[in-house]
Amino acid sequence: MSHKESENLLDKIVSLCKRRGFVFPSSEIYDGFTAVYDFGPYGVELANNIKQAWWKTMTQYRDDIVGLDAAIFMSPKIWEASGHVKGFSDPLTECKKCHTRLRLDALLEEAGIFADEKMSEEEINQIFNKNIKKIKCPTCGAADFTPGKKFNLLVQSNLGNFTNDWTKAPTYLRGETCQGIYVNFKNVMDTARVKIPFGVAQIGKAFRNEITARQFIFRTREFEQMEMQYFVKPGDDQKYYEEWKATRWKFYLDLGLSEKNLKWHKHENLVFYAKEAYDIEYNFPFGFKELEGVHARGDYDLVQHGKSSGQELSYLDPATNERYVPHVIETSAGVGRTLLAVLTEAYREEELAGETRIVLKLAPKLAPIKIAVFPLLKNKPELVKKARAIYDVLKLNWRCEFDDNGNIGKRYRRQDEIGTPYCLTIDFDSLEDGAATVRDRDTMKQERVDIAELENFFRKKI
Ligand code: GAP
């Protein structure tokens, strides 16, 4: 696919998301709110299915991982101790002409110059100065910028602070969910009867004051993370790191992403907490970009919180009586990015007798609606009644939709666009032979299935 076609694909996905109710820009009736998005009726189903797939593979199917749901707001001391107040930043520059604020590493990269957000201020400014003639402001075209400066990404709030100068002692909206896991390490150990190696998984919102937020839901200021911290004995890091890399790679294949659209990226410049960091990148319409990070964080976080809180955040090995601070392997994925990757992979346009069929070939487990139930005609009460009765039974097991609007062809197209794997129609024959027509989204083939057998049929398929 050419660059232009790919950009075009993003536009098509954005348009489908709006048209069919997957994703809406936040606060749209007030002209929007930059870099924040809302999930619509089908988007929330898709996002929930992604989260459920993650939660099942990361907790339910494992004996060694427990779940947690820590609050978004935490003591500001946590963000001091974790290093975020000082070190969680991206390099920022400002166009002196139009005053657009830009992320410097992204600006350099777009000009084909290698840069990384984790570079020091000095390092990135050296590259910036050397290449200054090649770089233009994407808004006004000027080539006059302020020097790059680190900009802290933590979002501040006045929660619990009732003074007017709360900015002097702000509380923070969490910048990553995993800090809630570290500060509950002792609580989990004392209550969940876990033994090293074990993990704690959490899904929740995180917030970052991203400087430039483009590319739809890829980079937003409010987003959801699916993070798991796996606590291991020091020295075992590498073994578990490799295991987690393989496990997380497989997760995306199981969601239906194809291997050719996935690749590993090793970070040379490491973020302040990491000892080793690899990203799983996906081939988004704008190229290969980070989908998930797998990080070896060593004992950094537990040591920091142990020191700062004065609490003992270590582990006593019951077999050897050895006490140590566990090391951490972290897997950290974004819900929005996974949703965008899944939509990118699933989006197809097929030519059908001079018409274009837009279809989302989503894995059935991810599809917002699994089965759409139609009476052939809206104005035939006997068909509507039968179809409704079937819908009322099927919906107890699967997310279904009842639709009696418009002709069958139009109803199929609508379901194709939202990725519904099966459509079921009750026609006049159904009243005679007790069977329904089931149409497969991908092959568009139709088969007759006994109504009494429908539940078994779908159980095998979905
Ligand atoms: N706890 C480690 C951590 O937060 P990260 O690489 O900064 O690591 C992990 O983020 C994942 O969270 C990313 O791979 C991405 O999927 C998601 N993510 C991070 N920032 C995001 C943003 N601004 N918008 C959407 N998703 C984001």
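Residue numbers (the working numbering): 2 to 463.
We treat Cβ as the ideally placed atom computed from N, Cα and C, and that holds for glycine.
- Assigned with DSSP and collapsed to three states, residue 310 falls in helix.
- Per DSSP, reduced to three states, the secondary structure at residue 106 is helical.
- Per the DSSP secondary-structure output, residue 373 pairs in a beta bridge with 402, 424.
- For the beta strand (DSSP E) assignment, the uninterrupted runs of no fewer than 3 residues enclosed by the region 187 to 265 are, from N- to C-terminal side, 199 to 208, 223 to 233.
- Residue 392: member of the alpha helix (DSSP H) spanning 382 to 395, first to last residue.
- The residue among 398, 453, 447, 249 with its C-alpha nearest the C-alpha of residue 387 is 453.
- By the Cβ-count criterion, residue 180 is buried, with 16 or more other Cβ atoms from all chains shown falling within 10 Å of its own Cβ.
- The residues 137, in chain order, have a CB closer than 6 Å to that of residue 144 in the same chain once the five nearest residues on each side in sequence are set aside.
- One alpha carbon belongs to residue 326, the other to residue 71, and they sit about 22 Å apart.
- In terms of Cα proximity to residue 426, the closest of 374, 278, 22 is 374.
- DSSP places residue 431 in the uninterrupted alpha helix (DSSP H) bounded by 429 to 434.
- Within the same chain, and ignoring the five residues on either side of residue 210 in sequence, the residues whose Cβ sits closer than 6 Å to its Cβ are 154, 156.
- In the DSSP assignment, residue 24 falls within the unbroken beta strand (DSSP E) covering 24 to 26.
- It is roughly 11 Å from the alpha-carbon of residue 250 to the alpha-carbon of residue 279.
- Taking the CA atoms as reference points, residue 241 sits about 15 Å from residue 275.
- Residue 21 counts as buried, since at least 16 other C-beta atoms from the protein chains shown sit within 10 angstroms of its C-beta.
- Taking the Cα of residue 183 as reference, the smallest distance to any Cα among 331, 347, 385 is reached at 331.
- The nearest non-hydrogen atom of the ligand GAP is 6 Å or more from the C-beta of residue 252.
- Relative to residue 296, the option among 193, 57, 229 whose CA is nearest is 229.
- Each residue's CA atom was taken as its position, placing residue 152 and residue 96 some 15 Å apart.
- Under DSSP, residue 449 shares a beta bridge with 438.
- Boundaries of the beta strand (DSSP E) around residue 91: 90 to 95.
- Cα atoms of residue 289 and residue 66: separation of roughly 30 Å, rounded to the nearest angstrom.
- For residue 339, the enclosing alpha helix (DSSP H) starts and ends at 336 to 347.
- Between the C-alpha atoms of residue 260 and residue 349 there is a straight-line separation of about 18 Å.
- Residue pairing by DSSP places residue 40 opposite 24 in a beta bridge.
- Using a Cβ-Cβ distance cut-off of 8 Å, the region 218 to 228 and the region 35 to 53 are in contact, since at least three pairs of beta carbons, one from each stretch, lie closer than that value.
- Going by beta carbons, residue 207 and residue 178 fall inside the 7 Å limit.
- In the DSSP assignment, residue 325 forms a beta bridge with 316.
- The nearest non-hydrogen atom of the ligand GAP is 6 Å or more from the C-beta of residue 18.
- No heavy atom of the ligand GAP is found nearer than 6 Å to the CB of residue 213.
- Not a single heavy atom of the ligand GAP lies less than 6 Å from the C-beta of residue 312.
- It is roughly 14 Å from the alpha-carbon of residue 397 to the alpha-carbon of residue 457.
- No Cβ-Cβ contact shorter than 7 Å links residue 243 with residue 266.
- Remark: the shortest separation between the CB of residue 338 and any heavy atom of the ligand GAP falls under 6 Å.
- Linking residue 291 to residue 27 through their CA atoms gives a straight-line distance of about 24 Å.
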